[in-house]
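**Student:** The sequence shown begins at 94 in this note's numbering and counts up one residue at a time.
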Amino acid sequence: MKIERLELHLLKLPLVHFFETSFGRTSEKHFIIVSVHGEGAIGYGECVAEQDPYYSAETNADAWHLVRDYIAPRVVGADFQHPRDVFPALKAIRGHNMAKAAVEMAAWDLFARQRGAPLAVVLGGSRQRIASGVSIGIQDSLDDLAALVARELEAGYRRIKIKIKPGWDVEPVKMIRARFGAIPLMVDANAAYTLADASHLGELDGFELMMIEQPLDYDDIADHALLQRRLQTPICLDESIASVRLGEEAIARGACRIINIKPGRVGGFGESIRLHDVCAANQIPVWHGGMLESGIGRAANIHLSSLPNFSLPGDVAASKRYFDPDLIDPPSEVDRDGTIPVPTGPGLGVSIVAERLERATLERQVVAVPTVAMS
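Quick look at the structure:
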């Protein structure tokens with residue numbers, strides 16, 4: 094597989110509804126789409142870095158610079174036996190997994206398209222449908238939250254996740270249990286608490302939650318291990334698992350009982366598969382997190398979620414919750430049974446609407462194989 098050309102697109106899309114976490118509130122999504130070209134085919138990858146360095150130290154500006162100036166020179170014109178070879182080829186570049194992942198995942202899509210195979214098959218997936226959960230941001234009132242929960246349950250979602258932060262935690266959970274009963278429910282703190290909040294977080298044990306996601310700081314595996322010993326509710330780690338090695342460390346220390354896998358966070362599909370396998374070997378269930386991706390990134394998430402140890406509903410919801418219109422057509426939809434079909438076409442298996450992509454593009458850059466002058 095030879096990558097002959099790489100293109101970067103910086104895009105902006107308005108969100109259908111604001112999304113608020115402990116980091117703050119956003120009403121639009123700024124992100125990068127990477128396309129890699131070779132042998133007449135095009136593969137696409139979506140970078141999950143954000144405009145601001147809150148979820149991760151990486152930003153769109155960082156990713157653009159890294160891909161253009163450091164990653165592209167290592168992959169454009171290079172021959173790879175398999176897309177799993179892309180991430181190791183970038184080892185000299187420390188960190189910047191989101192930038193690496195965008196290129197690596199585009200290479201997997203290119204590889205699958207060149208072979209006429211669905212991406213899920215190339216990744217080793219086995220499911221034809223995946224279970225879908227939904228993530229609900231912090232709302233202005235408990236009534237607003239209740240209305241959203243009711244809407245998403247009516248849509249068929251198999252699991253409800255709500256964002257929490259100090260001052261918005263126990264009461265929202267109590268309200269949901271009172272109004273909706275024993276629905277599958279979890280909370281996500283996005284690192285908003287410290288170990289000093291252990292007793293307060295312990296109040297959530299009485300609500301039979303599926304998990305508490307990332308309660309403590311992004312780089313704090315040690316305190317998560319201490320907190321997990323004090324809680325009955327399973328801890329799920331997200332931001333803390335920035336590599337397979339850190340996943341192994343978290344499991345060995347007992348810092349979590351569940352892991353959220355996001356390819357952008359760990360460096361792409363190849364590293365995600367390795368982390369998936371480590372978790373499976375240690376009886377740690379995994380699920381696929383979300384980063385408000387467009388339909389391009391959402392399709393990639395669906396394909397990866399077809400692997401066998403993705404045994405819990407992930408944050409892979411319908412496109413219309415976030416973008417209308419999306420960049421793909423038809424958009425991703427959740428069926429009434431709370432599942433999403435895995436696309437069966439080549440690669441991502443979705444149609445990218447070029448006109449929508451161009452309309453949302455703020456900036457574009459092309460890196461091609463240099464031509465050699467004939468003498």
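The C-beta atom is built at its ideal place from N, Cα and C for all residues, glycine as well.
None of the values given here were measured: they were computed from a predicted structure.
(1) Take PHE112 and list the residues in its own chain whose beta-carbon comes closer than 6 Å to its own, dropping the five residues that flank it on each side.
(2) Given a cut-off of 8 Å, decide if THR326 and ILE352 are closer than it, judged by their beta-carbon atoms.
(3) Could you tell me which whole alpha helix (DSSP H) segments of length 4 or greater appear in the segment 218–287?
(4) Just verifying my parser: in three-state terms, what is the DSSP assignment at ILE164?
(5) Taking its Cβ as the centre, do 16 or more other Cβ atoms sit within 10 Å of VAL459, making it buried, or is it exposed?
(6) So ALA199 packs on GLY136, CB below 8 Å; how close in whole Å?
(7) Give me the DSSP bridge partner(s) of ALA134.
(8) According to the neighbour-count rule (16 or more other Cβ atoms, all chains shown, within 10 Å of its Cβ), is GLY340 buried or exposed?
(9) Taking C-beta to C-beta, are GLY388 and ASP419 nearer than 8 Å?
(10) Are the segment 182–202 and the segment 149–159 in contact at 8 Å, needing three or more beta carbon pairs?
(11) From ILE257 to LEU294, what does the alpha carbon distance come to, in whole angstroms?
(12) Distance, Cα to Cα, HIS123 vs ILE445?
(13) Relative to the C-alpha of ILE314, which candidate in ASN375, ALA335, ALA348, GLY299 has its C-alpha closest?
(14) Out of curiosity, what's the CA-to-CA distance linking ASN394 and VAL409?
(15) Cα separation between GLY209 and GLN321?
(16) Quick one: Cα of ILE334 to Cα of HIS110, how far?
(17) Who are the near neighbours of ALA239 in its chain, counting only those whose CB is closer than 6 Å to its CB and skipping five residues on each side?
(18) Considering just the uninterrupted stretch of the alpha helix (DSSP H) at ALA156, what are its terminal residues?
(19) Answer with buried or exposed for GLU296, where buried requires no fewer than 16 other C-beta atoms within 10 angstroms of its C-beta.
(20) Would DSSP call GLY363 helix, strand or coil?
(21) Looking at C-alpha atoms only, which residue of ARG251, MET279, GLY390, GLY249 is the closest neighbour of VAL263?
(22) How many Å lie between SER468 and ASP202 at the Cα?
(23) When DSSP builds the beta bridges, which residues end up paired with VAL379?
(24) Grab me the residues of THR114's own chain with a C-beta within less than 7 Å of its C-beta, minus the 5 sequence neighbours each way, in chain order.
(25) To which residues of the same chain is ARG220 closer than 7 Å at the C-beta, ignoring the five residues directly before and after it?
(26) Can you have a look at ASN402 and say buried or exposed, based on whether 16 or more other CB atoms are within 10 angstroms of its CB?
(27) Run through the DSSP bridge pairs and tell me what ALA461 is partnered with.
(28) Nearest to VAL227 by CA position, among ASP316, ARG449, TYR415, is which residue?
(29) Taking the C-alpha atoms as reference points, what is the distance between ALA466 and LYS95?
**Tutor:** According to the data block:
(1) Locating residue 112 in the sequence shown gives position 19, counting from the first residue. Cβ within range, chain order: THR119, GLY230.
(2) Position 259 of the sequence shown, counted from the first residue, corresponds to residue 352. Position 233 of the sequence shown, counted from the first residue, corresponds to residue 326. It is not a contact, given that the beta carbons lie outside the stated cut-off.
(3) 235–247, 263–273
(4) Walking along the sequence shown from the start, residue 164 turns up at place 71. It is helical.
(5) Residue mapping note: residue 459 aligns to position 366 of the sequence shown, counting from 1. With fewer than 16 other Cβ atoms within 10 Å, it is exposed.
(6) The residue labelled residue 199 in the question sits at position 106 within the sequence shown. The residue labelled residue 136 in the question sits at position 43 within the sequence shown. Confirmed, Cβ separation roughly 4 Å.
(7) Residue 134 sits at position 41 when you count from the first residue of the sequence shown. In the DSSP output, where bridge partners are listed per residue, ALA134 has GLY131.
(8) Residue mapping note: residue 340 aligns to position 247 of the sequence shown, counting from 1. The residue in question, GLY340, is buried, as its Cβ has 16 or more Cβ neighbours within 10 Å.
(9) Counting from 1 along the sequence shown, the entry for residue 388 is found at position 295. Counting from 1 along the sequence shown, the entry for residue 419 is found at position 326. Cβ atoms of GLY388 and ASP419: closer than 8 Å.
(10) yes
(11) As a position in the sequence shown, residue 257 is number 164, starting the count at 1. As a position in the sequence shown, residue 294 is number 201, starting the count at 1. Whole-angstrom Cα-Cα distance: 11 Å.
(12) Along the sequence shown, read from residue 1 onward, the residue named residue 123 stands at position 30. Along the sequence shown, read from residue 1 onward, the residue named residue 445 stands at position 352. Approximately 18 Å, taken between the alpha carbons.
(13) Residue mapping note: residue 314 aligns to position 221 of the sequence shown, counting from 1. Closest option to ILE314, Cα to Cα, is ALA348.
(14) Indexing the sequence shown from 1 puts residue 394 at position 301. Indexing the sequence shown from 1 puts residue 409 at position 316. The straight-line gap from Cα to Cα measures roughly 7 Å.
(15) Counting from one through the sequence shown, the residue named residue 209 turns up at place 116. Counting from one through the sequence shown, the residue named residue 321 turns up at place 228. GLY209 and GLN321: Cα-Cα distance of roughly 45 Å.
(16) One-based indexing of the sequence shown puts residue 334 at position 241. One-based indexing of the sequence shown puts residue 110 at position 17. Whole-angstrom Cα-Cα distance: 29 Å.
(17) Counted from its first residue, the sequence shown places residue 239 at position 146. Excluding positions up to five away in sequence, the list reads ARG272.
(18) Reading the sequence shown from its first residue, position 63 is the one you call residue 156. Segment 153–159, the alpha helix (DSSP H) holding ALA156.
(19) Here residue 296 refers to the residue found at position 203 of the sequence shown. With fewer than 16 Cβ atoms within 10 Å of its Cβ, GLU296 is classed as exposed.
(20) One-based indexing of the sequence shown puts residue 363 at position 270. Helix.
(21) Locating residue 263 in the sequence shown gives position 170, where the first residue counts as 1. Checked all of ARG251, MET279, GLY390, GLY249; the closest Cα to VAL263 is MET279.
(22) On the sequence shown, position 375 is the one that residue 468 refers to. On the sequence shown, position 109 is the one that residue 202 refers to. With a pLDDT of 33 at SER468, under the threshold of 50, the modelled position of that residue is not reliable, and no figure is offered here.
(23) In the sequence shown, the residue the question calls residue 379 occupies position 286. Bridge partners of VAL379: ILE352, PHE403.
(24) The residue given as residue 114 occupies position 21 in the sequence shown. Answer for THR114: GLY230, ILE231, LYS256, ASN283, listed in chain order.
(25) Against the sequence shown, residue 220 aligns to sequence position 127. Excluding residues within five positions, the ones whose Cβ falls inside 7 Å are SER399, VAL435.
(26) Your numbering for residue 402 matches position 309 in the sequence shown. ASN402 comes out buried.
(27) Taking the first residue of the sequence shown as 1, we reach residue 461 at position 368. In the DSSP output, where bridge partners are listed per residue, ALA461 has ARG98.
(28) To locate residue 227, count along the sequence shown from 1; it is residue 134. Checked all of ASP316, ARG449, TYR415; the closest Cα to VAL227 is TYR415.
(29) Locating residue 466 in the sequence shown gives position 373, where the first residue counts as 1. Locating residue 95 in the sequence shown gives position 2, where the first residue counts as 1. With a pLDDT of 38 at ALA466, under the threshold of 50, the predicted position of this residue should be treated as unreliable, though the coordinate-derived value follows. When rounded, the distance between both Cα atoms is 21 Å.
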